[in-house]
Amino acid sequence: MTTDSSKVGKKKRILCVASLEGIERAEKALMRLGFGSKTNFAKSQRLGGNTVTNFFTRQPIQVDSFKKICQELKLDWEKTIDMGEEKQLEPSLEIKHCPSSDQTKEVNSVETHYRQVTIIDKENQQTKAVIELEGDIDTVNKDLSLVLELALQNIAGNTMKITSIKPGSIKLFVEGSPEDIERLMSQFNSGELTELRGFPITNIKILTEDPEDQENREREDKWQLVQEIVSQQVQDRNLINVDLSDADLSKAFLFRANLSEADLSEADLSGADLIGANLSGANLSGANVTYSKFGNNEGISRTVKNDLIRRGAIFGDSPVRL
Numbered sequence: 625m626t627t628d629s630s631k632v633g634k635k636k637r638i639l640c641v642a643s644l645e646g647i648e649r650a651e652k653a654l655m656r657l658g659f660g661s662k663t664n665f666a667k668s669q670r671l672g673g674n675t676v677t678n679f680f681t682r683q684p685i686q687v688d689s690f691k692k693i694c695q696e697l698k699l700d701w702e703k704t705i706d707m708g709e710e711k712q713l714e715p716s717l718e719i720k721h722c723p724s725s726d727q728t729k730e731v732n733s734v735e736t737h738y739r740q741v742t743i744i745d746k747e748n749q750q751t752k753a754v755i756e757l758e759g760d761i762d763t764v765n766k767d768l769s770l771v772l773e774l775a776l777q778n779i780a781g782n783t784m785k786i787t788s789i790k791p792g793s794i795k796l797f798v799e800g801s802p803e804d805i806e807r808l809m810s811q812f813n814s815g816e817l818t819e820l821r822g823f824p825i826t827n828i829k830i831l832t833e834d835p836e837d838q839e840n841r842e843r844e845d846k847w848q849l850v851q852e853i854v855s856q857q858v859q860d861r862n863l864i865n866v867d868l869s870d871a872d873l874s875k876a877f878l879f880r881a882n883l884s885e886a887d888l889s890e891a892d893l894s895g896a897d898l899i900g901a902n903l904s905g906a907n908l909s910g911a912n913v914t915y916s917k918f919g920n921n922e923g924i925s926r927t928v929k930n931d932l933i934r935r936g937a938i939f940g941d942s943p944v945r946l
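Residues 625 to 946 (the numbering used here) are what the sequence shown spells out, left to right.
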């Protein structure tokens with residue numbers, strides 16, 4: 625598995641595994657819904673064949689793809705997941721280290737984008753926001769969560785409440801009165817508020833929608849984009865920094881597409897036309913590149929190029945596999 629070094633570490637993967645009972649339900653759903661086989665199911669959903677195979681053989685796959693498979697099979701993903709693997713998955717989160725003002729540590733982060741529009745809960749007029757802290761977490765205990773919440777209340781007002789904490793770089797999803805959220809934002813923007821209980825604050829954003837709604841929307845957008853790519857032959861597509869991981873893009877027309885910094889990990893790119901595509905910084909780890917066609921100026925290193933050729937890719941100046 626090889627990737628350009630500029631891409632490594634930008635995205636922390638969250639993996640999950642199906643339970644034995646979940647697989648039994650999924651097998652029955654395949655037949656009940658008329659898919660017939662795992663191959664047919666993968667093709668119909670534009671999912672990479674390896675991803676679907678890994679799901680049914682109880683190998684770890686990305687939580688995004690896990691949820692999509694469950695959604696298309698009409699299964700509750702939370703009842704399908706193997707809770708015995710909980711520590712490696714999405715949920716309870718634990719802080720591995722707490723950097724102080726004189727002790728910093730380089731950490732990976734998950735890039736998330738929100739439109740800058742305020743969400744207000746109509747029932748109690750609570751504004752929602754996300755606070756991004758520098759750090760890394762697997763599970764968070766209730767005591768530390770309470771400490772962070774109390775710190776926020778001291779800073780902005782007693783309506784401040786932490787509603788959830790997400791993995792990756794530390795993301796505190798909070799809500800509070802519009803006045804308290806405005807006070808919090810004002811202190812951060814003025815430079816007065818730079819850390820929370822020893823954790824440097826990297827950003828504070830007002831949310832436009834609940835985290836779960838945003839996650840569902842992003843997943844729908846991703847697979848809609850995959851469908852557009854495979855169904856419409858459009859050259860010069862702008863696909864900078866997009867997530868196409870686990871997607872079935874076999875024989876896709878990506879001629880001169882700008883795939884700079886794109887996530888193509890575990891994607892099926894077999895037979896795809898990538899001639900002239902910009903792949904600088906793209907993540908191609910685990911991708912099926914058998915008979916994928918490349919040109920000569922994709923912006924990838926010689927080492928990555930040789931690795932792709934070994935895996936079956938065809939380059940304009942190196943049609944023969946090394």
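Here a beta-carbon is modelled for each residue, glycine too, at the ideal position from N, C-alpha and C.
Where residue i and residue j are concerned, what is the direct C-alpha to C-alpha distance, given to the nearest angstrom?
| i | j | result |
| --- | --- | --- |
| Val641 | Gln683 | 6 Å |
| Ala585 | Glu758 | The first residue shown for the chain is 625 and the last is 946, placing residue 585 beyond what the model contains. |
| Lys752 | Ile830 | 6 Å |
| Asn907 | Arg656 | 36 Å |
| Gly905 | Ser925 | 10 Å |
| Phe812 | Asn840 | 29 Å |
| Asp700 | Phe679 | 15 Å |
| Phe952 | Glu852 | It is not possible to answer for residue 952, since the shown part of the chain is limited to 625 through 946. |
| Leu817 | Asn912 | 47 Å |
| Gly658 | Cys694 | 15 Å |
| Ser855 | Leu671 | 14 Å |
| Asp804 | Ser810 | 10 Å |
| Leu639 | Asp867 | 16 Å |
Going along the chain, which residues of its own chain have a beta-carbon closer than 6 Å to the beta-carbon of residue i, five neighbours each way excluded?
| i | result |
| --- | --- |
| Thr914 | Ser894 and Gly936 |
| Leu697 | Ala650 and Ala653 |
| Gly923 | Asn902, Leu903 and Ser904 |
| Phe797 | Val754, Thr787, Ser788 and Pro835 |
| Ser801 | Thr783 |
| Ala881 | Arg861, Leu863 and Ala901 |
Please determine, among the options, the residue with the shortest C-alpha to C-alpha distance to residue i.
| i | options | result |
| --- | --- | --- |
| Gly919 | Asp867, Ser909, Ala666 and Phe939 | Phe939 |
| Ile756 | Glu816, Asp706 and Ile825 | Going by the sequence as given, residue 756 is Glu instead of Ile. Closest option to Glu756, Cα to Cα, is Ile825. |
| Gln859 | Ala876, Lys795, Val866 and Ala886 | Ala876 |
| Ile786 | Glu773, Ile899, Glu852 and Lys795 | Glu773 |
| Ile864 | Asn782, Ser874 and Asn902 | Asn902 |
| Gly910 | Arg934, Glu852, Gln695 and Glu806 | Arg934 |
| Gln750 | Glu806, Glu702, Ser769 and Leu770 | Glu806 |
| Leu820 | Gly800, Gln777 and Ser855 | Gln777 |
| Lys667 | Asp892, Leu932 and Gly900 | Asp892 |
| Val850 | Phe659, Cys694, Ile638 and Gln669 | Gln669 |
| Asp897 | Ser874, Leu671 and Lys917 | Lys917 |
| Ile899 | Gly800, Arg861, Thr927 and Ser855 | Arg861 |
| Val687 | Ser869, Arg880, Leu878 and Leu873 | Ser869 |
| Gly673 | Asn782, Asp872, Ile794 and Ile647 | Asp872 |
| Leu878 | Lys703, Val866 and Gln857 | Gln857 |
| Glu799 | Ser855, Ser814, Ile828 and Thr927 | Ile828 |
| Ser889 | Thr681, Ile685, Glu648 and Gly815 | Ile685 |
Taking 7 Å as the limit between beta carbons, can you name the residues of its chain near residue i, skipping five residues before and five after?
| i | result |
| --- | --- |
| Thr677 | Lys662 |
| Lys929 | Phe939 |
| Ala775 | Leu820 and Arg821 |
| Lys691 | Trp701 and Arg843 |
So, with DSSP's three-state summary, where would you put residue i?
| i | result |
| --- | --- |
| Thr914 | coil |
| Phe659 | coil |
| Glu819 | strand |
| Ser801 | coil |
| Thr927 | helix |
| Lys795 | strand |
| Asn827 | strand |
| Glu756 | strand |
| Glu845 | Rather than Glu, the amino acid found at residue 845 in this sequence is Asp. Reduced to three states, the DSSP call for Asp845 is helix. |
| Asp892 | strand |
| Phe877 | strand |
| Gly940 | coil |
| Gln856 | coil |
| Thr688 | This sequence places Asp at residue 688; Thr is not what is there. If DSSP states are grouped into helix, strand and coil, Asp688 belongs with the helices. |
Cβ of residue i within 7 Å of any heavy atom in the ligand ATP?
| i | result |
| --- | --- |
| Ser889 | The model on display carries no ligand, and the ligand ATP is accordingly not part of it. |
Check your understanding: Counting pairs of beta carbons, one from the stretch 641-654 and one from the stretch 698-708, are three or more of them closer than 8 Å?
Key -> Yes, the stretch 641-654 is in contact with the stretch 698-708.
Check your understanding: Given 8 Å as the limit, is there contact between the stretch 841-856 and the stretch 882-890, that is, 3 or more CB pairs closer than that?
Key -> By the Cβ criterion, the stretch 841-856 is not in contact with the stretch 882-890, since fewer than three pairs of Cβ atoms, one from each stretch, lie closer than 8 Å.
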